[in-house]
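There are 2 protein chains.
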Amino acid sequence: MIKTLEWTDEGVRFIDQTRLPTEEVYVLSRTYREVADAIRTMIVRGAPAIGVAAAMGVALGVKQSTATDINALRSEFDQIAKTIGETRPTAVNLFWAIRRMKEKLQALSAMPLPQIKAGLVREAQQMLVEDIAANEAMGRHGATLMPSSGGVLTHCNAGALATCGYGTALGVIRAAIGSGKQIHVFADETRPFLQGSRLTAWELMKDGIPTTVIADNMAGAMMRQGKIKAVVVGADRIAANGDVANKIGTYSVAVLAREHGIPFYVAAPWSTVDLNTPTGEQIPIEQRSAREVTHHAGKQVAPDGVNVENPAFDVTPNKYVAAIITERGIARAPYLESLQELEGAAVAG
Amino acid sequence: MIKTLEWTDEGVRFIDQTRLPTEEVYVLSRTYREVADAIRTMIVRGAPAIGVAAAMGVALGVKQSTATDINALRSEFDQIAKTIGETRPTAVNLFWAIRRMKEKLQALSAMPLPQIKAGLVREAQQMLVEDIAANEAMGRHGATLMPSSGGVLTHCNAGALATCGYGTALGVIRAAIGSGKQIHVFADETRPFLQGSRLTAWELMKDGIPTTVIADNMAGAMMRQGKIKAVVVGADRIAANGDVANKIGTYSVAVLAREHGIPFYVAAPWSTVDLNTPTGEQIPIEQRSAREVTHHAGKQVAPDGVNVENPAFDVTPNKYVAAIITERGIARAPYLESLQELEGAAVAG
């Protein structure tokens, strides 16, 4: 099993996703600032993985704190949380994880400092365990939606590398294959960062799952040729109405799927559902450096000084989404109601 | 003015399109085999440019022939035509140009060999002149369809570099800007060969036309944000029913345009219209090397041995096409009739 990220006594250990698929290299972030850098530079990426990385970063910062009383620790916590919270704006899991760590700090605040520190480290480790369990549950729910055979398209990487293991969208595919379905994955290469060709293809090939890499602009042609039976992607934030922010290009895939009568599914842990964001309109979209578009492997591929747009995400309106697969179950339109029901069910349960 | 290709006494001179935008290098093809290589390796690309390059390649081969009678020259012509005809299967201009050269050979066959050779060289040079004139005519017709201001999306390169000068789709944009319209071009980078970021952006910036490069998967998001008022692309082959083969990804752009109520235009010279091909189904689609997808600037970006699909073109069904702009005028649906009318009008005129 791929260890996307891992708590160690020396710090947080990441597989360096900027160097896959040709090099399998692990890097150790020894301070919370180094964890923030790892998130910002996309050594670790994928909303669920970012969430747990953030929690571990907070735990690491708190563990290394020299504060001598709870008030000083609280203020240091806020500084740590601010640094980590400023790395990437779209994935709501980042803020969810920081909030959960803050709540844990509150709950433990009457304890001696060493116990608070140990408690926060345990909380971050617990989130990793829960993330994998959530992915496995999503897999069980989502496998039933997959075709019994044929091509399934995915965009970006919503796999083991985007999570703490098993994956969201790729977890659904893994579970479907585990249940005997004959699925061939089409992986959009996913410009500009190439999470599809570099990461999705790498982890699926490790598992012996048949995979074909295509350029993003080929998805429509593959659909028209009848090669795609379903689409399943992850998410960086799901609004209360079911609008989905995910990697740039997801919206185009959703429109194409609809045009071809192909179901478009989203798989994401409940921590990605943001009921405080009413619609996709309110989701902040990160703009990344022009250089990701103008340079390939260090080589310049666009003229000097050309304008570039490089939004890292787009929003797919709920009308294109056939179902949202979460560890709590499957939500279908109207999402405003179905997501509220899943929220309530968990509280009740 | 950019000289995409040029007849010289030593051979055919091309701007090397594989090295733009960082290096403006010219290469000389001294034999018809070298011209065939230049077409195959995409030193020259773009359906209209390929057509004229093929004609010049034929002229070069015939000029260098050591045949001593017309029958020997005819058989050498057929060998030259076969070699050049096998380079790229989709762009019909290639076959159109070879056929036109063959007809010229027939017409001149009673002449002494030196005059036949000179006549074929003149015919190829004439095709270059006609290509530029056709582009200017397309520009005049198409400019009226462009918005008076705002973003116009194009895919691949259908510009001066895809033709002998001025361009088809970019010719329409140039003419619209020349007539006072305030157009900002969005150029899809166009994976895997990056004709958009490398070539379209380069030639538009040379002309001072505002240009923004986006990854192919961003076009949908730009449309949804209202940044695109029209789409105009070139074509590699247009079937009798108006189905359009063009660079891979064009079909996705057409579907997205329709979803957003944005007109999708195709600009191409009449030599791209193939009334002998009934529908897009019959257009052969070139598959290119997996390496174009798995490697960026020589660096491997997909796992060893992964499956890849790399169709160089796709087919956009006529229902997505708002108009086809040719030098003979503008065709609109139903294309089976409007294209026949343009064919007949030219014959009559």
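Protein chains in written order, with my numbering: chain A, 503 to 851; chain B, 503 to 851. Ideal Cβ placement from N, Cα and C applies to all residues, glycine included.
Residue i classed as buried or exposed, judged by whether at least 16 other C-beta atoms fall within 10 angstroms
i: G851/B; result: Caution applies to G851/B, whose pLDDT of 45 falls short of 50 and renders its modelled position unreliable; the value that the coordinates give is listed next. Burial call: exposed.
i: D718/A; result: buried
i: N812/B; result: buried
i: S651/A; result: exposed
i: V807/A; result: Residue identity check: residue 807/A is Gly in the sequence provided, not Val. Flag for G807/A reads exposed.
i: Q519/B; result: buried
i: Y528/A; result: exposed
i: M544/B; result: buried
i: M852/A; result: The requested residue 852/A is not part of the displayed model; chain A covers only 503 to 851.
i: P616/A; result: exposed
i: G763/B; result: exposed
Closer than 9 Å to chain A by CB, residue i
i: Q789/B; result: no
i: Y837/B; result: no
i: R726/B; result: yes
i: I750/B; result: yes
i: H643/B; result: no
i: N885/B; result: Here chain B covers residues 503 to 851 and nothing more, so residue 885/B does not appear.
i: G851/B; result: Bear in mind that a pLDDT of 45 at G851/B, under 50, signals an unreliable position, so the model cannot answer this.
i: E894/B; result: No answer is possible for residue 894/B: it lies beyond the span of chain B, which begins at 503 and ends at 851.
i: S651/B; result: no
i: Y528/B; result: no
i: D539/B; result: no
i: M544/B; result: no
i: T714/B; result: yes
Between the CA atoms of residue j and residue i - distance to the nearest angstrom
i: F579/A; j: F695/A; result: 32 Å
i: A689/B; j: E605/B; result: 38 Å
i: A742/A; j: L777/A; result: 4 Å
i: G653/A; j: R760/A; result: 16 Å
i: L655/B; j: F766/B; result: 9 Å
i: S681/B; j: A645/B; result: 8 Å
i: Q802/A; j: T796/A; result: 6 Å
i: G736/B; j: P550/B; result: 10 Å
i: L630/A; j: A557/A; result: 9 Å
i: A747/A; j: A721/B; result: 16 Å
i: I675/B; j: A636/B; result: 15 Å
i: F815/B; j: E788/B; result: 7 Å
i: L507/A; j: I785/A; result: 27 Å
i: V775/A; j: Q842/A; result: 10 Å
i: W509/A; j: L663/A; result: 16 Å
Own chain, CB closer than 7 Å to residue i, minus 5 neighbours either side, in chain order
i: N659/B; result: G548, Q697, G698, L701 and T702
i: S840/B; result: A833 and R834
Proximity to residue i [Cα-Cα], best of the options
i: G587/A; options: G644/A, A742/A, I552/A and K619/A; result: I552/A
i: A609/B; options: I600/B, G621/B, R834/B and A799/B; result: G621/B
i: V755/A; options: V564/A, D518/A, V527/A and M724/A; result: M724/A
i: K821/B; options: T796/B, A814/B, V768/B and K801/B; result: V768/B
i: E758/A; options: I730/A, V746/A and D738/A; result: Per the sequence shown, residue 758/A should be read as Leu rather than Glu. Nearest option by C-alpha distance: I730/A.
i: Q727/A; options: A678/B, V735/B and E783/B; result: E783/B
i: R624/A; options: D511/A, I785/A, A732/A and A825/A; result: D511/A
i: R861/B; options: V546/B, W598/B and R542/B; result: Outside the shown range of chain B (503 to 851) lies residue 861/B, about which nothing can therefore be said.
i: G513/B; options: A540/B, V817/B and G831/B; result: A540/B
i: I504/A; options: I634/A, M613/A and A825/A; result: I634/A
i: D709/A; options: I679/A, Y837/A, V715/A and I545/A; result: I679/A
i: E632/A; options: M648/A, A847/A, Y668/A and A799/A; result: Y668/A
i: A799/A; options: V537/A, R693/A, L530/A and L596/A; result: R693/A
i: I716/B; options: I711/A, F516/A, L530/A and A792/A; result: A792/A
i: W772/A; options: L844/A, H762/A, A825/A and V810/A; result: L844/A
Test: residue i CB closer than 9 Å to a CB of chain B
i: A703/A; result: yes
i: M707/A; result: yes
i: I517/A; result: no
i: L610/A; result: no
i: A741/A; result: no
i: R700/A; result: yes
i: Q684/A; result: no
Residues of its chain near residue i, where Cβ-Cβ distance is below 8 Å and the 5 sequence neighbours each way are ignored
i: A583/A; result: V560, I600, M603 and K604
i: S611/A; result: I572, R576 and I618
i: A835/A; result: G744, N820, K821 and V823
i: Y534/B; result: G559, V560, L562, G563, Q566, I582, T585 and I586
i: G751/A; result: H657, C658, D690, T692, R693, D718 and D816
Neighbourhood of residue i by C-beta, 6 Å cutoff - its chain only, sequence neighbours within 5 removed
i: L706/A; result: V687 and T713
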